[in-house]
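Protein chains in written order, with the numbering used here: chain Z, 59 to 467; chain B, 543 to 634. For every residue, glycine included, the Cβ atom is placed at its ideal position computed from N, Cα and C. Below you'll find the structure, written out as structure tokens, and then a few comments.
Quick look at the structure:
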């Protein structure tokens, strides 16, 4: 397939997401405004007002209701979208589990913002990291272009009949949401064709009839019924099975999208930047990867064997891809933009170390907690991390496994 | 939890049952049942609006309210809200 013609638009991250939603033939959008997500909803409501979309736009009284409206609309077979961040996402917490448990493929943009208190509207990943166990696919965008591309891909991934899981697309507060960027957009009809209409799988009912998996007056069903110790466990196991199938589908949809857009983000799950012969590697997700790539370029220009591994999906966690990418690295620094108080380091650090334990790799892995509440992560601090890694490669010892960086003492 | 129950590979996903919720007869949860005094009832239908289970119906032919005892859980909200105290909760 040939790469389709694209327009270059000056969009911030929020506008890029709204544009992707406009093109994705969404039936229902329900949302409640919260900084820094507000522009997505404002922009989309303009599309509704101007008749550019025929989406049902539901103004609700809270995020809890926003997600409930999307979940129930999705249960009838509708394609749905919402967006939130921080306290708004936290208020959705209960319904996040209901959505994944009902296997409703709702798509949500999360504009990563710190959780209160003290109140802070700027970027960190605490809001989405805490929801990692909620049964949602999580895709972290590095820039606004990727936020646009990932939103379109998310509909295809989530609605796949053998997946049927909700998905979040994450973009960093302000660094992406409010920063103007050149974003290449596909033509409306190209996106329509790519996302298609939502397919409703036929499933076997308890009476062994094949019936559509949705609320349908012709085949009355009860969704989200009482499910006790005799069945609940089996239904949770089914969710894990769907998540297990997700890596393959994420890659497949990413590949198909690359054919029409010409854009790739690693293999769709991870992006390896100069990892082929890297001796020292950093691991991060989100917009920090952009700054880190610049630092890697500078180090490479000076003959240093530096690399970056960016996680694009955090759920499903691409364990095998990570283990393979880190095979020949001698020292690893994991950068976490959130912290788990009282734990041994941040959430990404936990899982990276865990993966390496399984693959018998015992290179030093250290953790840097950075950028909480939108604290800047400039190039010189990332250089500092690589300097520490060089020392670890030389001594084969990590003096401080977990530390904060960019923090005043 | 017995071995006769289906495993996760066979069960319909998400615990969906192709049975409408009206098939679940929740009336047997009840200890007290509502009874209306048709002499006192003014047919304002507030009870119908307040009933959380949709178990109070308006019978237009009889021009009276009717309780659906298959689904009424006996919560007593109708009796509490009735402005003329026409509904009494009677022990089953």
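Residue interval of the alpha helix (DSSP H) (run including residue i)
{"i": "residue 410/Z", "result": "405 to 416"}
{"i": "residue 599/B", "result": "Not the alpha helix (DSSP H): residue 599/B falls in the beta strand (DSSP E), residues 598 to 601."}
{"i": "residue 256/Z", "result": "Note, residue 256/Z: premise wrong, no alpha helix (DSSP H); not H, not E."}
{"i": "residue 608/B", "result": "Taken as a continuous stretch (DSSP letters only), residue 608/B belongs to no alpha helix (DSSP H), being part of the beta strand (DSSP E) at 606 to 609."}
{"i": "residue 125/Z", "result": "121 to 133"}
{"i": "residue 451/Z", "result": "437 to 453"}
{"i": "residue 592/B", "result": "588 to 592"}
{"i": "residue 89/Z", "result": "Unbroken run through residue 89/Z is the beta strand (DSSP E), 86 to 89; no alpha helix (DSSP H)."}
{"i": "residue 148/Z", "result": "144 to 149"}
{"i": "residue 74/Z", "result": "71 to 81"}
{"i": "residue 101/Z", "result": "96 to 107"}
{"i": "residue 463/Z", "result": "Where residue 463/Z is concerned, there is no enclosing alpha helix (DSSP H), although the beta strand (DSSP E) it sits in stretches over 460 to 463."}
{"i": "residue 383/Z", "result": "377 to 383"}
Residue i: CB within 6 Å of a non-hydrogen atom of the ligand HEM
{"i": "residue 269/Z", "result": "The ligand HEM is absent from the structure shown, which contains no ligand whatsoever."}
From the options, residue whose alpha carbon lies closest to that of residue i
{"i": "residue 580/B", "options": "552/B, 600/B, 559/B", "result": "600/B"}
{"i": "residue 295/Z", "options": "547/B, 553/B, 546/B", "result": "553/B"}
{"i": "residue 299/Z", "options": "546/B, 547/B, 555/B, 615/B", "result": "555/B"}
{"i": "residue 629/B", "options": "564/B, 590/B, 558/B, 563/B", "result": "590/B"}
{"i": "residue 378/Z", "options": "440/Z, 348/Z, 346/Z, 415/Z", "result": "415/Z"}
{"i": "residue 171/Z", "options": "222/Z, 406/Z, 459/Z, 344/Z", "result": "344/Z"}
{"i": "residue 130/Z", "options": "161/Z, 333/Z, 151/Z, 108/Z", "result": "161/Z"}
{"i": "residue 52/Z", "options": "327/Z, 215/Z, 230/Z, 202/Z", "result": "This structure leaves residue 52/Z out entirely; chain Z is present only between 59 and 467."}
{"i": "residue 234/Z", "options": "200/Z, 215/Z, 245/Z, 267/Z", "result": "200/Z"}
{"i": "residue 321/Z", "options": "203/Z, 462/Z, 448/Z, 449/Z", "result": "203/Z"}
{"i": "residue 348/Z", "options": "260/Z, 435/Z, 181/Z, 103/Z", "result": "435/Z"}
{"i": "residue 546/B", "options": "376/Z, 251/Z, 326/Z, 289/Z", "result": "289/Z"}
{"i": "residue 191/Z", "options": "155/Z, 220/Z, 163/Z", "result": "155/Z"}
{"i": "residue 453/Z", "options": "422/Z, 100/Z, 385/Z, 387/Z", "result": "422/Z"}
{"i": "residue 592/B", "options": "634/B, 620/B, 563/B, 566/B", "result": "620/B"}
{"i": "residue 167/Z", "options": "177/Z, 173/Z, 138/Z, 63/Z", "result": "138/Z"}
{"i": "residue 277/Z", "options": "263/Z, 315/Z, 62/Z", "result": "263/Z"}
Terminal residues of the beta strand (DSSP E) in which residue i lies
{"i": "residue 628/B", "result": "Neither: residue 628/B is in no beta strand (DSSP E) and is coded neither H nor E."}
{"i": "residue 394/Z", "result": "389 to 394"}
{"i": "residue 427/Z", "result": "423 to 428"}
{"i": "residue 357/Z", "result": "That residue, residue 357/Z, is in no beta strand (DSSP E); its alpha helix (DSSP H) goes 346 to 359."}
{"i": "residue 372/Z", "result": "371 to 373"}
{"i": "residue 341/Z", "result": "338 to 342"}
{"i": "residue 270/Z", "result": "268 to 270"}
Beta-carbon gap between residue i and residue j smaller than 7 Å
{"i": "residue 77/Z", "j": "residue 121/Z", "result": "no"}
{"i": "residue 82/Z", "j": "residue 227/Z", "result": "no"}
{"i": "residue 477/Z", "j": "residue 111/Z", "result": "In this structure chain Z extends from 59 to 467, so residue 477/Z is not present and cannot be described."}
{"i": "residue 336/Z", "j": "residue 444/Z", "result": "no"}
{"i": "residue 403/Z", "j": "residue 425/Z", "result": "yes"}
{"i": "residue 626/B", "j": "residue 584/B", "result": "yes"}
{"i": "residue 331/Z", "j": "residue 309/Z", "result": "no"}
{"i": "residue 198/Z", "j": "residue 241/Z", "result": "no"}
{"i": "residue 269/Z", "j": "residue 560/B", "result": "yes"}
{"i": "residue 143/Z", "j": "residue 113/Z", "result": "no"}
{"i": "residue 569/B", "j": "residue 614/B", "result": "yes"}
{"i": "residue 437/Z", "j": "residue 353/Z", "result": "yes"}
{"i": "residue 158/Z", "j": "residue 224/Z", "result": "yes"}
{"i": "residue 367/Z", "j": "residue 391/Z", "result": "no"}
{"i": "residue 213/Z", "j": "residue 258/Z", "result": "no"}
{"i": "residue 304/Z", "j": "residue 374/Z", "result": "yes"}
{"i": "residue 394/Z", "j": "residue 427/Z", "result": "yes"}
{"i": "residue 279/Z", "j": "residue 558/B", "result": "yes"}
{"i": "residue 297/Z", "j": "residue 193/Z", "result": "yes"}
{"i": "residue 95/Z", "j": "residue 145/Z", "result": "no"}
{"i": "residue 153/Z", "j": "residue 125/Z", "result": "yes"}
{"i": "residue 381/Z", "j": "residue 417/Z", "result": "yes"}
{"i": "residue 250/Z", "j": "residue 431/Z", "result": "no"}
{"i": "residue 238/Z", "j": "residue 70/Z", "result": "yes"}
{"i": "residue 612/B", "j": "residue 567/B", "result": "yes"}
{"i": "residue 210/Z", "j": "residue 307/Z", "result": "no"}
{"i": "residue 118/Z", "j": "residue 88/Z", "result": "yes"}
{"i": "residue 575/B", "j": "residue 634/B", "result": "yes"}
Contact residues within the region 254 to 277 of chain Z, judged by C-beta distance below 8 Å to chain B: 261, 262, 263, 264, 265, 267, 269, 271, 277
Segments of 4+ residues assigned as alpha helix (DSSP H) that fall wholly inside the region 275 to 334 of chain Z: As far as the region 275 to 334 of chain Z is concerned, its whole alpha helix (DSSP H) runs of at least 4 residues are 290 to 319.
Inside the region 158 to 239 of chain Z only - alpha helix (DSSP H) runs reaching at least 4 residues: Segments of the alpha helix (DSSP H) lying fully in the region 158 to 239 of chain Z: 184 to 187, 202 to 217.
Near-chain Z residues of the region 549 to 560 of chain B - C-beta to any C-beta below 7 Å: 549, 550, 553, 554, 555, 556, 557, 558, 559, 560
Near-chain B residues of the region 209 to 226 of chain Z (beta-carbon distance less than 8 Å), N- to C-terminal order: 222
Chain B contacts made by the region 110 to 144 of chain Z, where a contact means CB separation under 8 Å: Going along the region 110 to 144 of chain Z in chain order, one finds no residue with a Cβ nearer than 8 Å to chain B.
Members of the region 288 to 299 of chain Z that neighbour chain B once the beta carbon cut-off is set at 7 Å: For the region 288 to 299 of chain Z, the beta-carbon criterion of a distance under 7 Å to any beta-carbon of chain B is satisfied by 288, 289, 292, 293, 295, 296.
Contacting positions in the region 558 to 587 of chain B - beta carbon closer than 7 Å to chain Z: 558, 559, 560, 561, 562, 563
Residues in the region 432 to 461 of chain Z having any Cβ partner in chain B nearer than 7 Å: Taking 7 Å as the Cβ-Cβ cut-off against chain B, none of the residues of the region 432 to 461 of chain Z qualify.
Where the region 319 to 340 of chain Z meets chain B: residues whose CB sits under 8 Å from a CB there: none
Interface positions of the region 153 to 168 of chain Z facing chain B (Cβ-Cβ less than 8 Å), listed along the chain: 159, 160, 161
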